[in-house]
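Residue numbers (this note's numbering): 4 to 257.
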């Protein structure tokens, strides 16, 4: 695991959560707090944030290195990343939510309910689905992927459908509260080693259960691993395909 400064991250969380911030620039337009905190954690100098590089705008650029914070899918990052890597080394920062505490606000009063912890917990291995979308870009000699495991407060407005107004409700913001761990990846084998122990061979459902992945996440993870020779299809068990991990993909071989 790479070094991190949990205290500095926590201080940024408090500062961003407690202060109203202008949102006039390109990157800050509609920017959520999780993205803003991660950006300032890696580049405190605001003059080096939201810097035009060619036809794109980099989250952080110090003249020699680019840092991009991506809180959602890596798919929209493909063209931007391919362009940046022609000229500069790039670090892509991906926050993965370990523990989410959800707070609901009454739309009439604006008062938030007591927070409730979500039973779903993120893991480092979640990054495998994101890496699936970087076909042809990862690995790359100029590319580093840094995964941050974070705890957050998820603020939602109870303005949706249903008796509780929670279905399709508005998410107001995601406020990070702590940085738990981080890991830096430069090769597919390093990413594959983040998986928990799996049966040999394993099925997609067994991967879903072991890694707490959705069916979509597990399918993309396996496709990524097959693409890089870290998993191979070995047969079938009933209607389910069987997969076997290569030695270099087994946990603990980072």
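Ideal placement from N, C-alpha and C gives every residue a C-beta, glycine not left out.
{"Check": "Kindly indicate the opening and closing residues of the alpha helix (DSSP H) around residue 37.", "Outcome": "36 to 45"}
{"Check": "For the beta strand (DSSP E) holding residue 179, just list the boundary residues, first then last.", "Outcome": "173 to 188"}
{"Check": "Does DSSP classify residue 157 as helix, strand or coil?", "Outcome": "strand"}
{"Check": "Going by DSSP, what residue range makes up the beta strand (DSSP E) through residue 244?", "Outcome": "243 to 248"}
{"Check": "What distance in whole Å lies between the Cβ atoms of residue 104 and residue 118, which are believed to be in contact at a cut-off of 8 Å?", "Outcome": "4 Å"}
{"Check": "Where does the unbroken alpha helix (DSSP H) through residue 226 begin, and where does it stop?", "Outcome": "218 to 230"}
{"Check": "Can you tell which of 102, 133, 35 and 120 has its C-alpha closest to the C-alpha of residue 77?", "Outcome": "133"}
{"Check": "From this set, 66, 62, 102 and 98, which residue's C-alpha is nearest residue 84's C-alpha?", "Outcome": "62"}
{"Check": "Using a threshold of 8 Å, state whether the C-beta atoms of residue 198 and residue 128 are closer than that.", "Outcome": "yes"}
{"Check": "Can you find the residues in the same chain that come closer than 7 Å, C-beta to C-beta, to residue 101, ignoring five residues on each side of it along the sequence?", "Outcome": "124, 125, 152, 153, 154 and 183"}
{"Check": "Excluding the five sequence neighbours on either side, which residues of its own chain have a C-beta within less than 6 Å of the C-beta of residue 36, listed in chain order?", "Outcome": "19, 176 and 178"}
{"Check": "Put residue 79 into one of helix, strand or coil per three-state DSSP.", "Outcome": "helix"}
{"Check": "In this structure, how does DSSP classify residue 73 when only helix, strand and coil are distinguished?", "Outcome": "coil"}
{"Check": "Here's the rule I'm using: 16 or more other beta-carbon atoms within 10 Å means buried, otherwise exposed. How should residue 218 be labelled?", "Outcome": "exposed"}
{"Check": "Does residue 259 come out as helix, strand or coil in the three-state DSSP assignment?", "Outcome": "Since the displayed the chain opens at 4 and closes at 257, residue 259 lies outside it and no answer follows."}
{"Check": "If you draw a straight line from the C-alpha of residue 248 to the C-alpha of residue 163, how long is it?", "Outcome": "43 Å"}
{"Check": "Would you please state the rounded distance, in angstroms, between the beta carbons of residue 135 and residue 223? I believe it to be under 8 Å.", "Outcome": "4 Å"}
{"Check": "Considering only the alpha carbon of each residue, which of 11, 196 and 109 lies closest to residue 166?", "Outcome": "109"}
{"Check": "Comparing C-alpha positions only, which one of 181, 9, 111 and 144 sits nearest to residue 161?", "Outcome": "111"}
{"Check": "Identify which residue in 99, 68 and 106 has its Cα closest to the Cα of residue 88.", "Outcome": "68"}
{"Check": "Taking DSSP as the reference, what is the three-state secondary structure of residue 109?", "Outcome": "coil"}
{"Check": "Could you tell me which of 43, 74 and 173 sits nearest to residue 64, measuring between CA atoms?", "Outcome": "43"}
{"Check": "Using DSSP bridges, identify the partner residues of residue 104.", "Outcome": "120 and 156"}
{"Check": "Can you look up residue 86 in the DSSP assignment and give me helix, strand or coil?", "Outcome": "helix"}
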